[in-house]
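Data first, discussion second: the structure below is written as structure tokens.
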Amino acid sequence: MRDFSKGHEWLSINTATIRKQHGAEVPLDRIIDQCAERGIRAISPWRDQVAAVGIDKIARQLKAHGIGLSGYCRGGFFPAPDAAGLQAALDDNRRAIDEAKLLGAPCLVLVVGALPGALDGKALYKDIGRARGEVRDGIAASLEYAGQVGLPLAIEPLHPMQAADRACINTLEHALDLCDELDPSRSGMLGVALDIYHVWWDPKLQQQIARAGKERLLAYHVCDWLTPTRDLLSDRGMMGDGVVELKKVRGWVEGAGFAGFSEVEIFSVFDWWKRAGEETLDICIERHRTVV
339 MRDFSKGHEW LSINTATIRK QHGAEVPLDR IIDQCAERGI RAISPWRDQV AAVGIDKIAR
399 QLKAHGIGLS GYCRGGFFPA PDAAGLQAAL DDNRRAIDEA KLLGAPCLVL VVGALPGALD
459 GKALYKDIGR ARGEVRDGIA ASLEYAGQVG LPLAIEPLHP MQAADRACIN TLEHALDLCD
519 ELDPSRSGML GVALDIYHVW WDPKLQQQIA RAGKERLLAY HVCDWLTPTR DLLSDRGMMG
579 DGVVELKKVR GWVEGAGFAG FSEVEIFSVF DWWKRAGEET LDICIERHRT VV
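Residue numbers for the sequence shown follow our numbering, so the first one is 339 and each next one is one higher.
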């Protein structure tokens with residue numbers, strides 16, 4: 339396992355981690371500057387943050403700072419109540435693939451979606467099997483285009499608590515089953531984004547990480563699971579503040595062949611989003627060196 343104690347060259351910051359500072363939204367160009375000031379050499383930005391500043395400006399800024407991407411957030415949300423909605427989702431995913439390619443991302447992260455309308459409190463249908471079928475078909479169609487442009491897709495399984503509204507793929511095993519069905523040759527164009535927050539509890543985690551192997555492990559996200567958790571979406575913990583055996587899991591991930599960035603992704607409405615971005619980044623660096 340790599341030794342992170344002497345530096346942070348393998349640290350990436352998912353820009354959700356400091357998108358709010360002192361409780362207010364901070365533009366992506368400022369976030370990139372803050373990362374550059376600390377020698378952080380990779381980020382994973384969100385599409386809405388990129389759009390707010392302008393993708394060409396962000397591309398130039400990243401190049402000027404020598405900062406790369408560990409991923410791009412996000413594609414997915416494939417299910418829809420009708421044919422028009424399904425096509426709109428495919429069109430949006432094609433745009434996301436193009437954006438990721440332009441920015442030099444190694445993969446587009448897919449939060450696949452679930453019951454349409456559930457995020458707004460009114461599911462337009464309740465058949466989760468249907469949703470999973472639409473996810474499968476949407477990934478298959480997007481994979482065809484992604485292959486043409488050479489941009490890998492990374493399915494992110496989400497915790498079962500989000501099965502109704504955000505993602506109906508909820509275990510690493512399920513995500514890998516889809517990968518094996520749609521990409522049996524293990525081409526490197528379809529894999530998984532492994533987010534500790536969503537998978538740490540899984541009794542099959544070590545087995546499925548080994549199954550994934552180097553070809554399927556496209557991104558690795560770290561944070562911690564707090565007890566008690568005050569909000570199931572936006573109360574992630576800083577690494578070392580919760581119950582996850584982070585070094586053990588990274589050992590499994592690297593043992594399977596992953597040699598990329600450990601990407602910090604923290605949604606924290608009660609704590610870290612209330613702080614200065616500089617403070618949060620400094621602690622991310624320290625925890626990356628000591629507990630990740």
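Don't be surprised by glycine CBs; every beta carbon is placed ideally from N, CA and C. Since the structure is predicted, the reported quantities are computational estimates derived from the model, not experimental observations.
Smallest Cα separation from residue i: which of the options?
{"i": "G409", "options": "Y558, E592, A374", "result": "Y558"}
{"i": "A427", "options": "A438, L528, R412", "result": "R412"}
{"i": "M577", "options": "L555, T618, A421, L448", "result": "T618"}
{"i": "G580", "options": "D562, W611, K552", "result": "D562"}
{"i": "L424", "options": "A479, F342, G404", "result": "A479"}
{"i": "H536", "options": "L481, W611, L570", "result": "L570"}
{"i": "Q372", "options": "D394, V447, E616", "result": "E616"}
{"i": "T509", "options": "R524, R433, L532, W590", "result": "L532"}
{"i": "L584", "options": "R470, G485, V602", "result": "V602"}
{"i": "F596", "options": "F608, V629, T565, L556", "result": "L556"}
{"i": "D518", "options": "A505, L481, N431", "result": "L481"}
{"i": "V388", "options": "P444, L457, F416, L400", "result": "L400"}
{"i": "W590", "options": "I621, E553, G575, L543", "result": "L543"}
{"i": "D573", "options": "W611, G551, D367", "result": "W611"}
{"i": "A513", "options": "D429, R470, A443", "result": "R470"}
{"i": "P383", "options": "G392, I547, L407", "result": "L407"}
{"i": "S525", "options": "F342, H497, L491, L448", "result": "L491"}
From what residue to what residue does the alpha helix (DSSP H) around residue i run?
{"i": "N431", "result": "421-441"}
{"i": "E616", "result": "615-628"}
{"i": "E519", "result": "510-520"}
{"i": "H536", "result": "534-537"}
{"i": "A502", "result": "Run containing A502: none; DSSP gives neither H nor E here."}
{"i": "G467", "result": "466-487"}
{"i": "I393", "result": "393-403"}
What's the call for residue i, buried or exposed, on a 16-neighbour Cβ count within 10 Å?
{"i": "P365", "result": "exposed"}
{"i": "G598", "result": "buried"}
{"i": "V487", "result": "exposed"}
{"i": "T565", "result": "exposed"}
{"i": "H360", "result": "exposed"}
{"i": "F608", "result": "exposed"}
{"i": "Q545", "result": "exposed"}
{"i": "P522", "result": "exposed"}
{"i": "S283", "result": "Absent from the structure is residue 283, since the part of the chain shown begins at 339 and ends at 630."}
{"i": "A380", "result": "buried"}
{"i": "D503", "result": "buried"}
{"i": "G392", "result": "exposed"}
{"i": "K464", "result": "exposed"}
{"i": "K460", "result": "exposed"}
{"i": "E347", "result": "exposed"}
{"i": "K395", "result": "exposed"}
The beta strand (DSSP E) spanning residue i covers which residue range?
{"i": "V591", "result": "Segment 584-593 is the alpha helix (DSSP H) holding V591; no beta strand (DSSP E) there."}
{"i": "H291", "result": "Because residue 291 is not part of the residues shown, which for the chain are 339 to 630, the question remains open."}
{"i": "E601", "result": "600-602"}
{"i": "Y493", "result": "In the sequence on display, residue 493 carries Ile and not Tyr. Residues 491-493."}
According to DSSP, residue i sits in a beta bridge with which residue or residues?
{"i": "Y410", "result": "L446"}
{"i": "G529", "result": "A492"}
{"i": "D573", "result": "S606"}
{"i": "G578", "result": "In the DSSP output, where bridge partners are listed per residue, G578 has none listed."}
{"i": "G455", "result": "Its beta-bridge partners do not exist; DSSP assigns none."}
So that I know if they touch, is there some Cβ in chain D lying closer than 8 Å to that of residue i?
{"i": "I356", "result": "Of the chains in the structure shown, none is chain D; there is only one protein chain."}
Regarding residue i and the ligand ATP, is the C-beta to nearest heavy atom distance less than 7 Å?
{"i": "C445", "result": "No copy of the ligand ATP appears in this structure; indeed no ligand is present at all."}
Could you tell me which whole alpha helix (DSSP H) segments of length 4 or greater appear in the segment 342-391?
366-375, 385-391
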